[in-house]
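Below is one structure, written out as structure tokens; the observations come after it.
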Amino acid sequence: FGMSSALDTLCGQSHGAKQYHMLGTHLQTAILILSIVSIPISILLAFTQQILLAVGQDAEISPEAGIYCKWLVPSLFSYALLQCETRFLQAQNIVMPTMVSTGFCTLLHLFTCWILVFRSELGFR
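For our numbering, add 44 to where a residue sits in the sequence shown, where the first one is 1.
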């Protein structure tokens, strides 16, 4: 999300100017804007299969891509929130929460990938 990069500048300036109340204002505004922007993107992701077929992509792979993109929709909103909070904390030189949560998510991701690849019966072979 390139849109969240505006928080680097806005929060950095607010923190440097000791206008700490503006940090929260910038964070809340960015979360609201990115949440609103995520809605039309989610709609596009929900119709990926039809879009791919309409532009002439392979009829065999388009349904698989459509299923994958539908599963991306929840992550879109959480990733928007993560990016805003990460930039909010970085502007204040607070990096430990991001480091710990990233480490935890990496371990969780490894376990989840193992389950999905070797133990699930999703039918993609």
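For each residue, glycine too, the CB sits at the ideal point set by N, CA and C.
What you are looking at is a predicted structure, and each value in this text was computed from that prediction instead of being measured.
Problem set entry | Residue nearest to S58 in terms of C-alpha spacing, selected from L154, L133, T156 | L133
Exercise. Residues in its own chain within less than 6 Å of L97 by CB, not counting five upstream and five downstream?
Worked result: S106
Exercise. Is DSSP giving E108 helix, strand or coil here?
Worked result: helix
For this session: Can you tell me which of G60, L126, A61, A103 puts its alpha carbon nearest to the alpha carbon of Q72?
Result: Selected option, being the one with the closest Cα: L126.
Problem set entry | Distance, E129 Cα to M66 Cα | Straight-line Cα distance between these residues: approximately 14 Å.
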